[in-house]
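If you're matching positions, the sequence shown starts at 672 in this note's numbering and goes up one per residue.
Don't be surprised by glycine CBs; every beta carbon is placed ideally from N, CA and C.
Treat the numbers as computed from the prediction; the structure is a model and nothing was measured.
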Amino acid sequence: MKRALLLFLAISAFSFNVVMAQKHEEIRVIFRGDDIGMAHGINEAIIEAYQDGILRTAEVMTTGAWFPEAVKLLNENPGLEVGVHLVLTSGWDQMKSRPLTHAPSLVDENGYFYPIPKPNGNYPDSMALINNKWKAEEVEKELRAQIEMALENIDNVTHLSPHMGPMSSSPELRTIFEKVGTEYGLPYEFSLDMERIRVEKVREKRKSPEEKEAELVSILEKLGPGNWMLVSHPGLDTPEIQALSHPGYETVAYSTAGDTFMLTSKKVQELIERRGIRIITYQDLIDNDR
Numbered sequence: 672m673k674r675a676l677l678l679f680l681a682i683s684a685f686s687f688n689v690v691m692a693q694k695h696e697e698i699r700v701i702f703r704g705d706d707i708g709m710a711h712g713i714n715e716a717i718i719e720a721y722q723d724g725i726l727r728t729a730e731v732m733t734t735g736a737w738f739p740e741a742v743k744l745l746n747e748n749p750g751l752e753v754g755v756h757l758v759l760t761s762g763w764d765q766m767k768s769r770p771l772t773h774a775p776s777l778v779d780e781n782g783y784f785y786p787i788p789k790p791n792g793n794y795p796d797s798m799a800l801i802n803n804k805w806k807a808e809e810v811e812k813e814l815r816a817q818i819e820m821a822l823e824n825i826d827n828v829t830h831l832s833p834h835m836g837p838m839s840s841s842p843e844l845r846t847i848f849e850k851v852g853t854e855y856g857l858p859y860e861f862s863l864d865m866e867r868i869r870v871e872k873v874r875e876k877r878k879s880p881e882e883k884e885a886e887l888v889s890i891l892e893k894l895g896p897g898n899w900m901l902v903s904h905p906g907l908d909t910p911e912i913q914a915l916s917h918p919g920y921e922t923v924a925y926s927t928a929g930d931t932f933m934l935t936s937k938k939v940q941e942l943i944e945r946r947g948i949r950i951i952t953y954q955d956l957i958d959n960d961r
């Protein structure tokens with residue numbers, strides 16, 4: 672059975688996770704940026720990280736207010752691989768999204784997705800999707816609508832990913848996600864025969880861009896042969912992104928701009944070239960599993 676080594680880095684507000692699968696003689700890394708389509712400043716940052724940096728995979732949110740712009744940018748940059756970032760929650764307090772379908776069991780009294788998939792201590796438990804009477808048929812219909820919206824509008828869709836990890840909230844939800852992915856022939860990362868191991872959770876959100884760069888350099892210096900993945904959340908430190916927050920995460924623009932900085936860092940790019948690290952995509956892993 673093939674095995675690979677996959678690393679999730681969520682520097683600053685995000686979690687570090689290591690995923691182990693098939694080992695290779697070379698060091699191969701997926702550099703992934705999440706949430707294109709959510710906001711203009713995120714769209715711009717992801718394209719910048721692709722054109723001027725090491726990003727090669729972007730996760731698109733079809734429910735985002737800036738999805739039309741994301742479609743244009745992604746199709747203008749065909750070398751940027753696209754995953755459909757499936758959405759069942761809307762976490763920001765100041766900006767909300769709604770389902771593409773009629774899905775009353777998935778939304779609050781204002782018609783927005785609930786902010787969190789499961790209780791996390793930052794919101795009342797009643798605001799978690801899992802604690803409401805969601806209907807499986809509405810979840811499946813919504814996931815299909817989001818996938819079809821992406822496939823109809825974007826040229827380079829290769830895979831799926833869950834926004835905010837709702838699958839971990841319920842075995843039934845996971846079954847629905849897996850079923851839909853199989854029927855559309857679009858794999859999730861967990862379907863590529865990978866075993867996940869939690870390494871560390873980082874809660875410090877005021878890490879400077881330079882500190883993020885140094886941390887990524889240190890990690891890449893130590894990588895051994897295998898397949899790895901870096902999950903990031905690029906953004907710009909602009910008034911639009913500065914307005915975003917939710918309880919427990921109030922430095923969104925500063926944090927996401929730090930991710931953009933490290934992804935476009937010349938130090939990081941020089942290290943990748945010096946060590947002979949190969950930047951890969953999900954499609955490369957999918958092809959390896961065939």
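Apart from the five residues on each side of it in sequence, which residues of its chain come closer than 8 Å, Cβ to Cβ, to residue i?
i	result
D779	Y785 and M798
G947	E697 and I698
R845	M838 and S839
Y783	S761, K767, S768 and R769
N781	K767
L800	L759, T760, L777, F784, Y785, I787, P788, K789, P837 and S840
D796	P790 and N802
K812	T772 and A774
R949	E697, I698, R699 and V700
Rounded to a whole number of angstroms, what is the C-alpha to C-alpha distance between residue i and residue j?
i	j	result
M820	E719	24 Å
S841	V851	16 Å
D764	I787	11 Å
I957	H773	33 Å
Y721	N802	38 Å
G929	M766	21 Å
H834	S776	18 Å
E854	P880	41 Å
E843	A807	8 Å
T734	R877	29 Å
V758	M732	7 Å
E944	L915	36 Å
V873	T927	Bear in mind that the predicted position of V873 carries a pLDDT of just 42, short of 50, making it too unreliable to give a figure here.
N714	V700	22 Å
G712	A736	12 Å
L726	Q940	11 Å
I707	G762	15 Å
D705	L744	15 Å
V870	W899	Its pLDDT being 25, under 50, V870 is placed unreliably by the model, and nothing is read from it.
K883	D955	27 Å
K694	D723	The predicted position of K694 is uncertain, since its pLDDT is 45 and thus under 50; a value taken from the coordinates is nonetheless stated next. Their Cα atoms are separated by approximately 29 Å.
A710	N959	34 Å
L942	G897	17 Å
Look up residue i in the DSSP assignment and give the residues it is bridged to.
i	result
G754	E730 and H830
R769	Answer by DSSP bridge pairing: none, since R769 is not bridged.
G906	DSSP lists no partner for G906.
M900	I701
I787	A799
R949	R699
Apart from the five residues on each side of it in sequence, which residues of its chain come closer than 7 Å, Cβ to Cβ, to residue i?
i	result
D826	N746 and P749
N824	V742
G805	Looking at the sequence shown, residue 805 is not Gly but Trp. Excluding sequence neighbours, W805 sits near S776 and L777.
A816	L771 and T772
Which residues in the same chain as residue i place their Cβ atom closer than 6 Å to its Cβ, once the five residues preceding and following it in sequence are excluded?
i	result
A924	D908, I912 and Q913
Y859	L831 and G852
T931	A716, A720 and P905
Assuming residue i contacts residue j under a Cβ cut-off of 8 Å, what Cβ separation, rounded to an integer in Å, is found between them?
i	j	result
V810	V755	No, V810 and V755 are not in contact; Cβ-Cβ is about 15 Å, not under 8 Å.
F848	L822	About 17 Å; that fails the 8 Å criterion.
T728	T952	6 Å
L857	I818	7 Å
R703	E730	7 Å
Note to self: Pairs of beta-carbons, one from the region 748 to 767 and one from the region 888 to 904, closer than 8 Å: are there three or more?
What the structure shows: no
Margin query: Tell me whether the region 887 to 895 and the region 733 to 740 touch, counting them as touching only if at least three CB pairs, one residue from each stretch, are closer than 8 Å.
Written below: no
Notebook entry, point to check: Counting Cβ pairs closer than 8 Å, one from the region 920 to 939 and one from the region 879 to 889, do we hit at least three?
Noted result: yes
Item checked: Any 3 or more C-beta pairs closer than 8 Å across the region 791 to 805 and the region 906 to 920 -> When C-beta atoms of the region 791 to 805 are compared with those of the region 906 to 920, three or more pairs fall below 8 Å, so the two segments count as touching.
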